[in-house]
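Enquirer:
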Amino acid sequence: MRQNIQSAEDAKLRTALENMRYKECTEDDIAFLSSRVAGDPPNQPSLCDSKFRNVSIITAWNSQKDRINELGSQRFSVDNDKKLVEFFSEDKWALSESTPLNKDHPKKKQMSSHVSQIISQYDQDILWSLSPHASDHIAARLDLCVGMPVMIRNNDATELCITKGQEGKVAGWQDGIGSKGQRVLDTLFVSLVNPPTTVNIDGLPQNVVPIPKTTHTIPVRLPNDTIRHVQREQVNVLLNFSMTDYASQGKTRPYNVVDLGHCANHQSYYTCLSRSASAEGTVIMQHFDSRKITGGASGWLRQEYRMLELLDEITLLKYEGRLPGFIDGHRRNNLVTLYRQWKGFNYVPTRVPLKIAWTDSDPLIIDNALDKTEWELVDKKKFKEEKRKSDLAKFVPAIGTKPIELAIADTNIAKRVRVDNAPEHISKLIGLNWDSVNYSCAYDALFTILFHVWLENPNRWNNHMKNFSPHLTLLVKGFQQVYQNSASLENARDRVRAKLTEHDKIRYPKGPVGASVSDLAHTMLGTAQDLPAWIRCCDCGAKVPISGKICHVYTPVTTHSTSVSDWLSRKWSTPDLGPICSGCNSLVNGQWQCDTPPKLIILDIYNQPIDICHTISIKGNKANSKLHLKGIVYYKNAHFTSIIVDREGVLRFHDGMKSGLLDTNGIALSTCTSSALANCSGGSACLAIFGKLL
């Protein structure tokens, strides 16, 4: 408390605060605090009292603070018969290069989805409707009149008392017209309330300071809970009919109105109530939860308080020159232990409150009291490896189970090692053997290509392929077992095939009957959620959704198209009459774009005279995504074969009926024309698989 005098009621408040600090309020403390709750009885304080009329209310939530400020400005206008003037911010979308993701980590950036800074009127109205807490406490709209209480929100000029948290009243303003015809503040003149020093600026009354508008790039949380970054130009003040417990720290308030309803703990209660200069000037708006200030503080907090009291005593003795020279150290544990060795471990300084004083039954114990370990830079990789070994040492494997260390090691290999460093049993030429009992050529051709795509980067393809379908998820689990040498590629195929047969016996039969590789591709990859597509409006930069979606499996129609790339370019483009942009009401045409372009696409091209390109491109939000040809499935004489494009860009032929290995006599993809890829050994191309290099 900040007191000049102390009445009997002030003494009760002081005692309640001392106990509250340690969460040990008594019944008398609770009774006294309850007597300061606003109410109608004569002995209760009243919020209708004129001395509390325009006092800023301390509350815990920013959302409540903003709402109280909004209602307070309307009431202030009515009470003083003054018209409110609305001042709006000047906003632009922030571009990515100036958008910090986190104030504590300024090097981390979040890419903005806006390529233009222009904000449509629809979006601007939404931004102006938001409360300050949704826009980093820089107001989109300020409703002001002369005399209205405000709080400065930035340390603009400490020598002029223009500091964050300084309170004041509106003395006047200079304004102008913004880009959308709105009224904007250029400079706000604020009369400071109780500044630390008297401020005199030429041409202005005493303690009146100018607050000019400034520009900040801020994250704004929209009503749908998404975050957009905005470059906002506004005078950095807020209305001051309410403040949070955090903002109230360090203030002395002759009249202190607090709302404890949403205070999280006894420390928040203490912060709010200790701002009071007197008990008479303290008003609690509503009843509070006494459980938050009773029952005692946690053990770690009591320990912290005890340590701070000892350090306070050591600092005082050091300042007065009464501390022996051998009591010295750079760590507080060392310093406190040396002090206790000098004074005795049961010594308690006279200034330590009884609530946290230590005794024989409740001693002060400090772990690692004399820590002589030298500082050193930690090797992160070595530290993580040692921690992993330490954690593993705590576990004992059950009888008959695989030791956890080996299991983790296998998992790490499967996740991190690329195909270049694959285990010895994994060959780049591995493929599937044909099942002569239950014809499997359709599965062999497609699954062999998918296995070699997955093998390029198991960790990343695991995360991506699991989102397509349960059947592909099962296949990927089989790939992992093949990688770990605990199952064969044929085992993985047969498990998936059994599930497919269970799912649809007509399309995926057993026995000497073939299946359609086209149906297989659609079932394995075509059931994933398609990716929404949009087009960028050239006029205002807005993203305009379109009805079409980018899929993972396509069946092209080759009208007017000679190649896969040409057909996809036509497919991913709007017709002559495109959608309407909601921002500027203009027609939008162009190529489709996707926030997260697909990493795997299959083209179903059987019996279509279409050339197979080496690469295809998808237009993304930040950059085009290039997909490379990974393999082709061919059909001839009721039998499916395939070619696989390995990481060196060499074509490897695979026919499971002849061998479970790929042909070693491959040819470079770069030497093959797009038209030549449409046929192989008399077989016609059925599927073309394209994937991204991960």
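Take the sequence shown: its position 101, counting from 1, is numbered 408 in the numbering used here, and each next residue is one higher. Note that beta-carbon positions come from the ideal geometry of N, C-alpha and C, so glycine has one too. As the structure is a prediction and not an experimental result, all values here were calculated from the model.
1. Check whether the Cβ atoms of Asp911 and His759 lie closer than 8 Å to each other.
2. Using the Cα positions of Arg814 and Ser823, report the straight-line distance between them to the nearest angstrom.
3. Going by beta carbon distance, what residues of the same chain come within less than 8 Å of Val783, once the five residues before and after it are set aside?
4. Would the stretch 953–969 count as touching the stretch 734–749 if we require 3 or more Cβ pairs under 8 Å?
5. In three-state DSSP terms, what is Cys979?
6. Looking only at DSSP bridge pairs, what is Tyr861 linked to?
7. Please report the distance separating the alpha-carbon of Asn572 from that of Ile600.
8. Tell me where the alpha helix (DSSP H) around Lys625 begins and ends.
9. Per DSSP, what kind of secondary structure is Ala464 in: helix, strand or coil?
10. Does DSSP put Leu354 in a helix, in a strand, or in coil?
11. Decide if Lys390 is buried, meaning its Cβ has at least 16 other Cβ atoms within 10 Å, or exposed.
12. Assuming Ile939 and Ile923 make a contact with CB atoms under 8 Å, what is their CB distance in whole Å?
13. Only counting runs of 3 or more residues, tell me where the beta strand (DSSP E) segments fall wholly within the stretch 525–569, in order along the chain.
14. Thinking C-alpha only, which one of Ile663, Asn563 and Pro530 is nearest Met327?
15. On the premise that Asn543 lies in contact with Thr521, defined as a C-beta separation below 8 Å, what is that separation, rounded to the nearest angstrom?
16. For Thr862, which of Pro916, Arg843 and Ser982 has the nearest alpha-carbon?
17. Going by DSSP, what residue range makes up the beta strand (DSSP E) through Lys786?
18. On the CB-based measure, 16 or more other CB atoms within 10 Å of its CB, does Ala323 come out buried or exposed?
19. So what's Ala799 in DSSP terms, helix, strand or just coil?
20. Below 8 Å, how does it come out for the stretch 511–531 and the stretch 441–448: are there three or more Cβ pairs, yes or no?
21. Ignore the nearest five residues each way along the sequence and tell me which others in Gly785's own chain have a CB closer than 8 Å to its CB.
22. When you compare the CB of Gly651 with every CB in chain B, is at least one pair closer than 8 Å?
23. By the 10 Å Cβ neighbour count, where 16 or more other Cβ atoms means buried, how is His569 classified, buried or exposed?
24. Between Asp635, Ser581 and Thr948, which lies nearest to Ile756 when the distance is taken from Cα to Cα?
25. Give the list of continuous beta strand (DSSP E) stretches no shorter than 3 residues that lie fully inside the stretch 356–386.
26. Cβ atoms of Leu617 and Tyr646: under 8 Å apart, would you say?
27. Ile756 lies in the alpha helix (DSSP H); which residues open and close that run?
28. Assign Asp335 to one of three DSSP states: helix, strand, or coil.
29. For a quick check, are the C-beta atoms of Phe395 and Asp482 less than 8 Å apart?
30. Which term fits His1002, buried or exposed, when burial requires 16 or more other beta carbons within 10 angstroms of its beta carbon?
31. Answer yes or no: do Ser357 and Phe548 have a C-beta to C-beta separation smaller than 8 Å?
32. Based on DSSP bridge pairs, tell me the residues matched to Tyr577.
33. Does the Cβ of Phe690 have 16 or more other Cβ atoms within 10 Å, making it buried, or fewer, making it exposed?
34. If you follow the alpha helix (DSSP H) that Val643 is part of, which residue opens it and which one closes it?
35. Between Gln538, Asp742, Val871 and Leu968, which has its C-alpha nearest Cys296's C-alpha?
36. Under 8 Å, do Gly967 and Val957 count as touching if we go by C-beta distance?
Expert: According to the structure shown:
1. Taking 8 Å as the Cβ cut-off, Asp911 and His759 do not qualify as a contacting pair.
2. Cα-Cα distance, rounded: 7 Å.
3. Taken in chain order, the residues that qualify are Trp761, Trp768, Asn769, Met772 and Lys773.
4. Judged by Cβ distances under 8 Å, the stretch 953–969 makes contact with the stretch 734–749, as three or more pairs qualify.
5. Coil at Cys979, not helix or strand.
6. Paired residue(s): Leu910.
7. Distance from the CA atom of Asn572 to the CA atom of Ile600, rounded to whole angstroms, is 7 Å.
8. Counted as a single uninterrupted DSSP element, the alpha helix (DSSP H) harbouring Lys625 occupies residues Gly606 to Glu627.
9. In the structure shown, the three-state DSSP call for Ala464 is strand.
10. Here Leu354 carries a coil assignment [DSSP, helix/strand/coil].
11. With a threshold of 16 other beta carbon atoms within 10 Å, Lys390 falls short and is exposed.
12. That belief does not hold up - the Cβ atoms of Ile939 and Ile923 are roughly 14 Å apart, past 8 Å.
13. Runs found: 534–542, 544–546, 549–551 and 563–565.
14. The candidate whose alpha carbon is nearest that of Met327 is Ile663.
15. Right, the Cβ-Cβ distance comes to about 6 Å (below 8 Å), so this counts as a contact.
16. Closest by alpha carbon: Pro916.
17. The question names Lys, but residue 786 in the sequence shown is Phe. First-last for Phe786: Pro777 to Tyr790, but that is the alpha helix (DSSP H), not the beta strand (DSSP E).
18. Around the CB of Ala323, 16 or more other CB atoms lie within 10 Å, so the residue is classed as buried.
19. The answer is helix: DSSP assigns Ala799 an H, G or I state.
20. Segment contact: the stretch 511–531 against the stretch 441–448, three or more CB-CB distances shorter than 8 Å; contact assigned.
21. Closer than 8 Å at the Cβ level, and outside the excluded window around Gly785, lie Ala794, Leu796, Asn798, Ala799, Arg800, Arg802 and Val803.
22. Absence of chain B from the displayed structure is noted, only one protein chain being present.
23. By the neighbour-count rule (16 or more Cβ atoms within 10 Å), His569 is not buried but exposed.
24. Answer by Cα proximity: Thr948.
25. Runs of the beta strand (DSSP E) lying entirely within the stretch 356–386, each at least 3 residues long, are 364–366 in chain order.
26. For Tyr646 and Leu617, yes; Cβs fall inside 8 Å.
27. Its alpha helix (DSSP H) spans residues Cys748 to Glu763.
28. Residue state, collapsed to three classes: helix.
29. No, the pair does not count as a contact, with Cβ atoms beyond the cut-off.
30. Because the chain is modelled from 308 through 1001, residue 1002 falls outside the range shown and cannot be assessed.
31. Note that the C-beta distance between Ser357 and Phe548 is not below 8 Å.
32. None, per the DSSP bridge assignment.
33. With fewer than 16 Cβ atoms within 10 Å of its Cβ, Phe690 is classed as exposed.
34. DSSP places Val643 inside the alpha helix (DSSP H), whose first and last residues are Arg639 to Lys650.
35. Nothing in the structure corresponds to residue 296, since the chain is present only between 308 and 1001.
36. Not in contact: Gly967 and Val957 (Cβ atoms no closer than 8 Å).
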